[in-house]
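Below: the structure, in structure tokens.
Number of protein chains: 2
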Amino acid sequence: MARPGGRSARVQEAVHGAVRELESEVGRDALTVPLVAARAGVTPSTIYRRWGDLRELLSDVAVERLRPEAPPDDHGALAADLTTWAEQFLDEMTSPPGRAYLRDALLGDPDGSNAGRCSAYAADQIDVILARATERGERAPDVETVIDHVVSPMMYRILFRPSPLDSDYAHHLVAGLLDGPVGAASDGTDA
Amino acid sequence: MARPGGRSARVQEAVHGAVRELESEVGRDALTVPLVAARAGVTPSTIYRRWGDLRELLSDVAVERLRPEAPPDDHGALAADLTTWAEQFLDEMTSPPGRAYLRDALLGDPDGSNAGRCSAYAADQIDVILARATERGERAPDVETVIDHVVSPMMYRILFRPSPLDSDYAHHLVAGLLDGPVGAASDGTDA
DNA sequence: CGCTAGAAGCAAGGTCTTTGCGTTAAGGCT
DNA sequence: AGCCTTAACGCAAAGACCTTGCTTCTAGCG
Chain A
30 MARPGGRSAR
40 VQEAVHGAVR
50 ELESEVGRDA
60 LTVPLVAARA
70 GVTPSTIYRR
80 WGDLRELLSD
90 VAVERLRPEA
100 PPDDHGALAA
110 DLTTWAEQFL
120 DEMTSPPGRA
130 YLRDALLGDP
140 DGSNAGRCSA
150 YAADQIDVIL
160 ARATERGERA
170 PDVETVIDHV
180 VSPMMYRILF
190 RPSPLDSDYA
200 HHLVAGLLDG
210 PVGAASDGTD
220 A
Chain B
30 MARPGGRSAR
40 VQEAVHGAVR
50 ELESEVGRDA
60 LTVPLVAARA
70 GVTPSTIYRR
80 WGDLRELLSD
90 VAVERLRPEA
100 PPDDHGALAA
110 DLTTWAEQFL
120 DEMTSPPGRA
130 YLRDALLGDP
140 DGSNAGRCSA
150 YAADQIDVIL
160 ARATERGERA
170 PDVETVIDHV
180 VSPMMYRILF
190 RPSPLDSDYA
200 HHLVAGLLDG
210 PVGAASDGTD
220 A
């Protein structure tokens, strides 16, 4: 039985906070369950029982950090909105902390629910952009199409390729999507 | 100084073999360094010194298993080659053991070199397919384009999405690539 | 054939992880 | 309002794992 307002919630908040504090103080690699527990004012066994593992705890915290805080900027045109969003996304995810959160979120995730949450965050942001475009009368591609053509390639390269990525790559992907047969034809708005 | 033919090589082989045996006997989650060491006939400290961590050892073994054993099939046409390869790739990677190896390979990989090796395996296979197509006189897209449009979307969904994937999705991606503006126009050969 | 250096064995110490049991507190019931 | 139920936490001990200094072995070299 979940008890969202009670002691459980306080403990969860204390532990998450302890992870965030210690991450910036001693570094992510020096984190241990007993260390986090001491900072949070709980016993290690509490963490082991609730999260099972340091990796799962880090995964939870990482997903929290990957959640976008605001809807994407509105630039008045689909191409600009998507390009800007993709550039920001790529920038965040290629930064060392971004890569670390991404790794943590994926790694300590036995059932894949945290990974699914990350994917849903991106899909929601894209959904907002596409809905705005449709409202303006622009032809907009499907969310899944944007994920296939823009999000996936960036993520693949972040995870699997050692080479660095710049915002030109994000721009290239969005252009390839919107100029292609699946995407929206340009609609009078500037591209 | 590497000593490829000596004791180091024997130890490495024994440890890798022990991991493979124990994975199928007791399951991947029950593996521990002392267990593997006992089976391999070495002391745990040897493993800790060479690999540093159970995750890095599992990462090494996983990458070995993800290495393709043969060049991709030749069906006489680019579209058929790519579709078949993508279907097989998707099938392997979505299977529970495939997902486990993929996770392990990404997981114990501090510098990203193992992930890069996985990516290189796929790129090499695609390279063979594209070279054959060019040799036949077909117009073929770039390797990076194939990775962006076919490999990345499959990988993204495997890693981030809970929903199952079937071979229709692989077919859809290849078709989107070859019919699009970036890919090869159909060239008289059957698609 | 002796020398050098990298790699493995051994063992002890420390840290982390697990687990059983008692206690606390949140939510439901009368 | 007060009791009951039950999930969650604290405590502590036991066990497993990880680290590390030192020794021994072996492959390659002069």
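Residue numbers (this note's numbering), protein chains in the order written: chain A, 30 to 220; chain B, 30 to 220. From the three backbone atoms N, C-alpha and C, an ideal C-beta is built for every residue, glycine too. A quick note: this is a predicted structure, and the numbers were derived from the prediction, not measured.
- Item | Against chain A: residues of the stretch 48-80 of chain B by CB proximity under 7 angstroms | Within the stretch 48-80 of chain B, contact with chain A at the beta-carbon level (separation under 7 angstroms) is assigned to no residue.
- chain A contact for B:Met-184 (CB, 8 angstroms cutoff): Proximity of B:Met-184 to chain A, defined by a Cβ-Cβ separation below 8 angstroms, is satisfied.
- Message: Considering Cα atoms alone, identify which of B:Ile-155, B:Leu-83, B:Thr-174 is closest to B:Thr-113.
- Response: Measuring from the Cα of B:Thr-113, the nearest candidate turns out to be B:Ile-155.
- Query: Under three-state DSSP, which class holds A:His-191?
  - Reply: Contrary to the premise, residue 191 of chain A reads as Pro rather than His in this sequence. In the structure shown, A:Pro-191 sits in coil (DSSP, three-state: anything other than H, G, I, E or B).
- Query: Grouping DSSP H, G and I as helix and E and B as strand, with all else coil, what is A:Asp-89?
  - Reply: Secondary structure at A:Asp-89: helix, using DSSP grouped into helix, strand and coil.
- When the Cβ atoms of the stretch 139-158 of chain A are set against those of the stretch 173-182 of chain B, are three or more pairs found closer than 8 angstroms? Not touching, per the Cβ criterion.
- Query: Within 10 angstroms of its Cβ, does B:Pro-170 collect 16 or more other Cβ (buried), or is it exposed?
  - Reply: So B:Pro-170 ends up on the buried side.
- Task: Sort B:Ser-142, B:Cys-147, B:Phe-118 by Cα distance to B:Pro-101 and report the nearest one.
- Result: Residue B:Phe-118 is the option with its Cα nearest to B:Pro-101.
- Message: Between which two residues does the alpha helix (DSSP H) holding A:Glu-52 run?
- Response: Where A:Glu-52 is concerned, the enclosing alpha helix (DSSP H) starts and stops at 36-55.
- Do you know how far the Cα of B:His-200 is from the Cα of B:Ala-108? Counting only the Cα atoms, B:His-200 lies some 9 angstroms from B:Ala-108.
- Item | Where the alpha helix (DSSP H) containing B:Asp-156 begins and where it ends | That run of the alpha helix (DSSP H) goes 142-165.
- Item | Below-8 angstroms beta-carbon distance, A:Gly-46 vs any chain B residue | Taking Cβ atoms only, chain B never reaches closer than 8 angstroms to A:Gly-46, which makes this a no.
- Through-space distance from B:Asp-195 to B:Ala-115, alpha-carbon basis: Inter-residue distance for B:Ala-115 and B:Asp-195 is about 11 angstroms (C-alpha atoms, whole angstroms).
- Sequence ranges, alpha helix (DSSP H) only - wholly within the stretch 80-127 of chain B, length at least 4: Runs found: 83-95, 107-123.
- From which residue to which residue does the alpha helix (DSSP H) around A:Asp-208 run? Taken as a continuous stretch (DSSP letters only), the alpha helix (DSSP H) holding A:Asp-208 covers 196-208.
- Taking Cβ positions, are B:Val-92 and B:Ala-134 nearer each other than 8 angstroms? The Cβ-Cβ distance between B:Val-92 and B:Ala-134 falls below 8 angstroms.
- Does DSSP classify A:Leu-131 as helix, strand or coil? Residue state, collapsed to three classes: helix.
- chain B beta carbons: is any one of them nearer than 8 angstroms to that of A:Arg-190? Taking 8 angstroms as the threshold, the shortest C-beta distance from A:Arg-190 to chain B falls below it.
- Secondary structure of B:Val-62, DSSP reduced to three states: Reduced to three states, the DSSP call for B:Val-62 is helix.
- Got a sec: is the Cβ-Cβ distance from A:Gly-127 to anything in chain B below 8 angstroms? No - not a single Cβ of chain B is within 8 angstroms of the one on A:Gly-127.
- Task: For A:Ala-199, go through chain B and note every residue whose CB falls closer than 7 angstroms to its CB, in chain order.
- Result: Close partners of A:Ala-199 in chain B (Cβ separation under 7 angstroms) are lacking, with about 12 angstroms as the shortest Cβ gap.
- Query: Can you name, in chain order, every residue of its own chain whose Cβ lies under 7 angstroms from the Cβ of B:Gln-41, other than the five neighbours on each side?
  - Reply: Excluding sequence neighbours, B:Gln-41 sits near nothing in its chain.
- Query: the stretch 163-178 of chain B: which residues have C-beta closer than 8 angstroms to a C-beta of chain A, in chain order?
  - Reply: Within the stretch 163-178 of chain B, the qualifying residues are Ile-176, Asp-177, His-178.
- Could you name the residues of chain A that B:Glu-136 contacts, counting a contact when the two beta carbons are closer than 7 angstroms? The residue asked about is misnamed: residue 136 of chain B is Leu in this sequence, not Glu. Per Cβ cutoff of 7 angstroms: Leu-136.
- Reduced DSSP secondary structure (H/G/I, E/B, other) of B:Ala-169: If DSSP states are grouped into helix, strand and coil, B:Ala-169 belongs with coil.
- Coil, strand or helix - B:Pro-139 by DSSP: Three-state DSSP puts B:Pro-139 in coil, outside helix and strand.
- Message: Pairs of beta-carbons, one from the stretch 43-51 of chain B and one from the stretch 131-146 of chain A, closer than 8 angstroms: are there three or more?
- Response: Result no; under three Cβ-Cβ pairs closer than 8 angstroms.
- Task: Taking all protein chains shown into account, decide if B:Ala-31 is buried (16 or more other Cβ within 10 angstroms of its Cβ) or exposed.
- Result: Note that B:Ala-31 scores 45 on pLDDT, short of 50, meaning its location in the model is unreliable and no value can be drawn from it.
- Message: Please report the straight-line C-alpha distance between B:Arg-57 and A:Trp-80, rounded to a whole angstrom.
- Response: Rounded to the nearest angstrom, the two C-alpha atoms are 20 angstroms apart.
- Item | Classification of A:Asp-82 by the beta-carbon crowding that lies within 10 angstroms, buried from 16 upward | A:Asp-82 should be labelled exposed.
- Query: What residue from B:Phe-189, B:Ala-149, B:Gly-127, B:Arg-165 has the CA that sits closest to B:Ile-176's CA?
  - Reply: The candidate whose alpha carbon is nearest that of B:Ile-176 is B:Ala-149.
- Message: Against chain B, with Cβ distances strictly below 8 angstroms, would A:Gly-145 count as a contact?
- Response: A:Gly-145 counts as touching chain B.
- Item | Helix, strand or coil at B:Thr-174 [DSSP, three-state] | In the three-state scheme derived from DSSP, where H, G and I count as helix and E and B as strand, B:Thr-174 is classed as helix.
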